[in-house]
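Notes for the one structure printed next.
Protein chains: 2
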Amino acid sequence: MPVNYATPAADQLHAVAGVRLGVAQAGIRKQDRYDLTLIALDAGANAAGVFTKNRFCAAPVTLCRQHLAAGSDIRALVINTGIANAGTGEPGMQAAVATCAAVAKTLGVEPRQVLPFSTGVILELLPAERVVAGLPACQADLRSDGWHAAAHAIMTTDTVAKAASRHIDIGGRTVTVTGISKGAGMIRPNMATMLGFVATDAGIAADLLQALAKEAADASFNCITVDGDTSTNDSFVLIASGKSGVQVDRADAAAWPALKAAIVAVAQELAQAIVRDGEGATKFITVAVEGGGDVAECRKVAYAVGHSPLVKTAFFASDPNLGRIQAAIGYAGIDDLDVNGTRIWLAANGEEALVSEHGGRAAGYTEQTGSRIMKAAEITVRIDLGRGSAGATVWTCDFSYDYVKINADYRS
Amino acid sequence: MPVNYATPAADQLHAVAGVRLGVAQAGIRKQDRYDLTLIALDAGANAAGVFTKNRFCAAPVTLCRQHLAAGSDIRALVINTGIANAGTGEPGMQAAVATCAAVAKTLGVEPRQVLPFSTGVILELLPAERVVAGLPACQADLRSDGWHAAAHAIMTTDTVAKAASRHIDIGGRTVTVTGISKGAGMIRPNMATMLGFVATDAGIAADLLQALAKEAADASFNCITVDGDTSTNDSFVLIASGKSGVQVDRADAAAWPALKAAIVAVAQELAQAIVRDGEGATKFITVAVEGGGDVAECRKVAYAVGHSPLVKTAFFASDPNLGRIQAAIGYAGIDDLDVNGTRIWLAANGEEALVSEHGGRAAGYTEQTGSRIMKAAEITVRIDLGRGSAGATVWTCDFSYDYVKINADYRS
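Read top to bottom, the protein sequences are chains A and B.
Counting from 1, position 76 in the first sequence corresponds to residue 76 in our numbering; the numbering is continuous, with no gaps.
Position in the second sequence counted from 1, then plus 1000, gives you our numbering.
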């Protein structure tokens, strides 16, 4: 059960002109489930992507990077679940290439205009022939209101489909931003999340789009962690179809701030949805670090707290064993941190309590207060490092029996 | 239940001349359990220690560092469980100072000749008055065969007491090395483990002893991880009483290699015992990385694999979902790693199987083989990075339901 998250209804996911989506049951790993998604882009769209920094990155990630480097006139995305096509060496690359070739033939475009994505089990070869066999059904299903179905078809251990959509008004024109994401485990994105796709019908110049893809990923998918494991397949793609008539070619354009804000907001909503549906999650936890010397050290501390199994099990139990947060701050890697200058607060439901200061327990703090706050489903840990003005936020979840159960049973 | 580990019987733990140990029930956090240990050293012993790098280190850790810096003529160690006296600010330091003063008065030595140690809950103040009240009982109990009782009295979430002992012959004289350790969770030592104490009746010059303490910790406690959480209280102390008549003052002394090897072996046995008794552990896993450019990058990879919750839950389930090992290698932080040059083996019970090479699954590998090997209680993951001649080994355990249970319930 996700924490305070439900998939938007199909009619809440606005179509993006110039983008059509189709799904199929291709039997890639299991039968009778939608496991193949095709996203077709009209000519004229721009696409940009950011991808995992994992050195064991999947074959489709390598191919995406190559195809985007060759130009942003991308015409299709193809996504399979079941098999990640990572840790598959040269045969895996051949399967990814064959997939792109088949999509290109189906749609009458070039293979380099196709971006492939896979998610699922690592170290198993993708059966490209099943992907190829499933493509006609995907093509037949292509429709502009296919976001809801696609959000479901890209799920693996996700318990809910993840999507976000909004309309904004730019100079009297309605611009749409709609996106989907998937992921619940092996979540500690390093450049992007497991899979995230956001499209707008605004037109955005290629260089601006690439910069925004990076910025949006950094403000969203690169701020979450479920288990600290950076996936081999993390991919985030931003698409600008240009069909709304709103076109942005320069960063000083009047329309840019509002458009950018809408895209970042959709990316954040999708990223937070992954944490809310984190494997075994019962609580959504914001770790907000402030007062740091630079953003990098704030992120170190936020991730140390957000990854600590001891902190996460304490939140699961609503046990204010908050010395574990101090310990995580202490080992985060700031060698010259003066712990006597740090402060820790817990907050939920409008209540905030100072837990620790001067290196020890805050004077007014009681465990009753800590326990009460920790029972909430959404909790903020605020940490002041007391050494500067930089800050960083990480979103994470607690750590429960079900995380172990899900990951001990995942393939069976 | 620890993995292939049982506490040695009391008569297997050889007394170390010049070292006496006594325990007491001081009621520090709970009643009716031994929670206070006093170790008294005869005049003439040398002591050296290494301590946690956690910035939120405990007050007793700070005091140990100060007292050792003032000289190595240490005469007593005092260890309490229940409260870690970490995250306790100035009041915590006062409690540690009061403890040392009381021990000094009891034994007729100087406070700077006392090393204090605490382990237990962080962020709670140590009731120094209970420690002080328990000291007479400890003193009355002091005996040279007290190692077995002390190993039990320093336990917290440990399910078994941890001790190791051996005799070696040096030039016709028998030299003894005996040690105890504790720890089961919050285990990712960075300089030393939760608590480890090793004593020998050899005499070792102060500078040699300090270098050996570091070397032994690096080869033992600094190679283990249970949950990746570096404790606030990690401490390892090495004592050389000199009572055997064997004295080593220079690193080129004939007796030094054998003595050093014995001390390192005892430290490794104690460190591995902590992993075998890791919270919820059902398997003992050796991650041996070879073929690295330097030791640091080998350790990065070994720890990435050893910390990954996905790898650890797969071992718990005996599920050969070994792409998770590739993923961990890939995100370990070697930016220029050529994954096509890496190889991964699984080994247990004398069988070794090549799982992955050329970036994908090895030709002869089958999941049946992987599953059979993973069912063993002791498993080695061997990883060749294919880029040099350096290596590093980390010992870890699997990740089970019971880890969550223990840490969600720890204080209740």
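Glycine included, C-beta positions come from ideal geometry on N, C-alpha and C.
When Cβ-Cβ separations below 8 Å define contact, Leu-1322 (chain B) makes contact with chain A.
In this structure, Thr-156 (chain A) sits away from Ile-406 (chain A), with a CB-CB distance that is not shorter than 8 Å. For Phe-315 (chain A), the enclosing alpha helix (DSSP H) has its first and last residue at 309-316.
Distance check between Ile-224 (chain A) and each of A:Ala-348, A:Val-305 and A:Ile-187 places A:Ile-187 closest, using alpha-carbon atoms only.
Scanning its chain for C-beta atoms nearer than 6 Å, with the 5 sequence neighbours on each side dropped, one finds around Leu-1354 (chain B) the residues Trp-1345 and Ala-1362, in chain order.
Residue pairing of Cys-1397 (chain B) in beta bridges, as defined by DSSP: B:Phe-1284. B:Gly-1120 is the residue among B:Ser-1241, B:Gln-1031, B:Gly-1120 and B:Gly-1071 whose C-alpha sits nearest the C-alpha of Thr-1088 (chain B). Taking 8 Å as the upper bound for CB-CB distance, Phe-1056 (chain B) and Val-295 (chain A) are not in contact here, some 22 Å apart. Residue range 1173-1182 is occupied by the beta strand (DSSP E) that includes Val-1175 (chain B).
Membership of Lys-214 (chain A) in the alpha helix (DSSP H) is indicated by the continuous run 206-218. For the options B:Gln-1368, B:Ala-1376 and B:Pro-1060, the alpha carbon positioned closest to that of Gly-1350 (chain B) is the one of B:Ala-1376. Interface annotation for the segment 1119-1147 of chain B against chain A: Val-1121, Ile-1122, Leu-1123, Glu-1124 and Leu-1125, criterion Cβ-Cβ distance under 8 Å.
Around Pro-111 (chain A), the same chain offers Cys-100, Ala-101 and Ala-104 as residues with beta carbons nearer than 7 Å, after the five sequence neighbours per side are excluded.
Listed along chain B, the residues sitting closer than 9 Å to Cys-57 (chain A) by beta-carbon distance are Gly-1330 and Val-1339.
Counting C-beta atoms within 10 angstroms of its own C-beta, Asp-1201 (chain B) has 16 or more neighbours from the protein chains shown and is therefore classed as buried. The secondary-structure analysis by DSSP pairs Pro-116 (chain A) across a beta bridge with A:Val-78. Assignment of alpha helix (DSSP H) within the segment 317-374 of chain A, counting only whole runs of 4 or more residues, yields 323-330 and 367-374 in chain order.
For the options B:Gly-1359, B:Gly-1134, B:Ala-1095 and B:Ala-1206, the alpha carbon positioned closest to that of Ser-1241 (chain B) is the one of B:Ala-1206.
For His-152 (chain A), the enclosing alpha helix (DSSP H) covers residues 147-153.
Ranking B:Ser-1220, B:Ala-1059, B:Ala-1199 and B:Ile-1379 by CA distance to the CA of Met-1093 (chain B) puts B:Ala-1059 first. Interface residue (Cβ-Cβ distance to chain B less than 8 Å): Ser-356 (chain A) is classified as such.
The shortest CA-to-CA distance from Val-114 (chain A) to any of A:Tyr-34, A:Ala-348, A:Asp-35 and A:Val-237 is the one to A:Val-237. Within 7 Å of the CB of Arg-387 (chain A), no CB atom of chain B is found; the nearest one sits about 12 Å away. Taking all protein chains shown into account, Lys-30 (chain A) has fewer than 16 neighbouring C-beta atoms within 10 Å of its C-beta and is therefore exposed. The Cβ-Cβ distance between Phe-1221 (chain B) and Gly-1185 (chain B) does not fall below 8 Å.
When C-beta atoms of the segment 306-319 of chain A are compared with those of the segment 263-278 of chain A, fewer than three pairs fall below 8 Å, so the two segments do not count as touching.
The Cβ neighbour count for Ser-1389 (chain B), taken over all protein chains shown within 10 Å, is under 16; the residue is labelled exposed.
For Leu-38 (chain A), the uninterrupted beta strand (DSSP E) segment begins and ends at 36-41.
The beta carbon of Asp-1073 (chain B) sits closer than 7 Å to the beta carbons of Gln-1113 from its chain, once the five residues preceding and following it are set aside; these are given in chain order. Assigned with DSSP and collapsed to three states, Arg-143 (chain A) falls in strand. Taking all protein chains in view, the Cβ of Asn-1080 (chain B) is crowded by 16 or more other Cβ atoms within 10 Å, so the residue is classified as buried. Ala-84, Ala-86, Gly-87, Thr-88, Gly-89, Glu-90, Pro-91 and Gly-92: these are the residues of the segment 84-97 of chain A whose beta carbon lies less than 8 Å from some beta carbon of chain B, given in chain order. Chain B has no Cβ within less than 8 Å of the Cβ of Tyr-303 (chain A). Scanning its chain for C-beta atoms nearer than 6 Å, with the 5 sequence neighbours on each side dropped, one finds around Glu-352 (chain A) the residues Trp-345, in chain order.
DSSP links Ile-383 (chain A) through a beta bridge to A:Val-289 and A:Ile-344. For a Cβ distance threshold of 9 Å, nothing in chain B lies close to Tyr-34 (chain A): the least Cβ distance comes to about 23 Å.
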